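Protein chains: 2
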Amino acid sequence: MLGLLNYGSMTGYELDKAFKESLSFFWQAQTSQIYRELAAMERKGWVNSEQVIQNEKPNKRVYTITGSGKEELKSWLCTSEADIDDAMRVRSAFLMRVFFAGEMENGEALSMLRKYREACVGQSEAFGAVPESIAQYGALVDNEDQIKYWKVVALFGEISYRAGLEWVNRAIALLEGECK
Amino acid sequence: MLGLLNYGSMTGYELDKAFKESLSFFWQAQTSQIYRELAAMERKGWVNSEQVIQNEKPNKRVYTITGSGKEELKSWLCTSEADIDDAMRVRSAFLMRVFFAGEMENGEALSMLRKYREACVGQSEAFGAVPESIAQYGALVDNEDQIKYWKVVALFGEISYRAGLEWVNRAIALLEGECK
DNA sequence: TTAATCATGTAACACGTTACATGATTGC
DNA sequence: GCAATCATGTAACGTGTTACATGATTAA
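Protein sequences appear in the order of chains A and B. According to the numbering used here, the first sequence is numbered sequentially starting from 2. According to the numbering used here, the second sequence is numbered sequentially starting from 2.
Here it is, written out as structure tokens:
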């Protein structure tokens, strides 16, 4: 949220949209969490807010990052310590299901993997629209440096879904060999 | 935990080791969380426990899955509903850092990526030891069906780290082009 | 004698999710 | 008339993390 507010002042509603439309690939947040954390961040002095009265739409509260908020953002970005191990960490209820799939019917496990394959294909296709979307947001932010990194993150997504597809195809082939 | 206890009765300490030695690739749990959740599961009737007095070692409490626990495990394994989307969900503070890396020095971003590369290489190498480890645990569990799925999960790990390495190499190449 | 392994927990806090609550305006 | 978009929250609950507390035995 500090990262987004650093691009420009925003409402909770707009932050929520940013998470859902752009960041959801690597981070998710509930609407209620956004409003709660905005209040907490204001208490900490990282942001301040101002009510804006509107007449054709409901009133809104616009949040602005403070100096102390910018410091906090930078220190979070730069202290990478043990964080690389954290970065590698996967946490997947899906893989847990696969791990214990010996307790399922063979066909049930296969249908789970086929659903995963469909989801991979869908996600891979969805990445076609990403460059366009980056160009649009990039024009608003007006910072060449930023969009370079956005593209690098998008590349991670593409490569991961392709890898996921490769895996699931091999997994299905392995299991189909036994349960025709 | 129900999945593990389904292989055979165990203590909290042994469950903790299983998470740390075998499941940590796709799920992590703190020791304190394991003991807390064991207590909760006993309250729910999914497991029961018995104290075992030892004389050469500290006493221990052995947990055993109940019929109702087995039912719970099976229903968790088989109801896969919306869970595939959940499976695809990535949550990565590391990718968040990359996304906002425009606020860092260029060199700092690069060194973060190089650390990631080292970690990928290390993890990839660590996968060499996995087949041996699977064979060892497999002998204890004595269920051919199970180890088949364990191998499929290990394959996911190998493929993911290879993909991560491919990505980080391309990302570093992209960024080095500009900051020599 | 010092580190590792065996063994079990409590308390507090941080973070994430779900359910609920409200209400105006705009486009089909 | 109905759905979508704009707009903001509270309360309760569930899950994950950190800090703390204790103490025996065995191998280097």
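Using N, Cα and C, we set each Cβ at its ideal position, and we do this for glycine too. Quick caveat, the model's predicted, so the values are computed rather than measured.
{"Query": "DSSP three-state call for V63 of chain A: helix, strand or coil?", "Result": "strand"}
{"Query": "Contact check, M11 of chain B vs E38 of chain B under 8 angstroms by CB: the rounded distance?", "Result": "Their Cβ separation, rounded to whole angstroms, is 13 angstroms, which puts M11 of chain B and E38 of chain B out of contact at 8 angstroms."}
{"Query": "Give the secondary structure of E51 of chain A by DSSP, where H, G and I count as helix, E and B as strand, and everything else as coil.", "Result": "strand"}
{"Query": "Can you round the beta-carbon distance between M97 of chain B and F27 of chain A to whole angstroms, since I take them to be within the 8 angstroms contact cut?", "Result": "6 angstroms"}
{"Query": "Is K181 of chain B close to chain A? Criterion is C-beta to C-beta, closer than 8 angstroms.", "Result": "For K181 of chain B, the predicted model reports a pLDDT of 47, less than 50, meaning its position is unreliable; a value from the coordinates is still stated below. It does not; no Cβ of chain A falls within 8 angstroms."}
{"Query": "Does any residue of chain B have a CB that is nearer than 8 angstroms to the CB of K75 of chain A?", "Result": "yes"}
{"Query": "In angstroms, rounded to a whole number, what distance separates the CA positions of G9 of chain A and T65 of chain A?", "Result": "7 angstroms"}
{"Query": "Rounding to the nearest angstrom, what Cα-Cα distance links E182 of chain A and S76 of chain B in this structure?", "Result": "Because chain A is modelled from 2 through 181, residue 182 of chain A falls outside the range shown and cannot be assessed."}
{"Query": "For E179 of chain A, collect the residues of the same chain with a Cβ closer than 8 angstroms to its Cβ; drop the 5 residues on either side in sequence, then sort them by chain order.", "Result": "N107"}
{"Query": "Compute the Euclidean distance between the alpha carbons of Y14 of chain A and T32 of chain A, then round it to the nearest angstrom.", "Result": "8 angstroms"}
{"Query": "So what's Y14 of chain A in DSSP terms, helix, strand or just coil?", "Result": "helix"}
{"Query": "Would Q34 of chain B pass as an interface residue toward chain A - the criterion being a Cβ-Cβ separation below 8 angstroms?", "Result": "no"}
{"Query": "Quick test of your reading: E51 of chain B and V63 of chain B, contact by CB under 8 angstroms. State the CB separation rounded to the nearest angstrom.", "Result": "5 angstroms"}
{"Query": "Using alpha carbons as the reference points, say which of B:D17, B:E57 and B:T67 lies closest to E43 of chain B.", "Result": "B:T67"}
{"Query": "Taking beta-carbon pairs under 7 angstroms, can you tell me which members of the stretch 128-144 of chain A lie near chain B?", "Result": "N144"}
{"Query": "Tell me the DSSP secondary structure of K58 of chain A in three-state form.", "Result": "coil"}
{"Query": "Taking three-plus beta-carbon pairs below 8 angstroms as touching, is the stretch 139-146 of chain A in contact with the stretch 112-131 of chain B?", "Result": "no"}
{"Query": "Using the beta-carbon count (16 or more within 10 Å), is V53 of chain A buried or exposed?", "Result": "exposed"}
{"Query": "When we look at the beta-carbon of F104 of chain B and count the other beta-carbons within 10 Å, is it buried (16 or more) or exposed?", "Result": "Residue identity differs from the one stated: residue 104 of chain B is Glu in this sequence, not Phe. That one is buried."}
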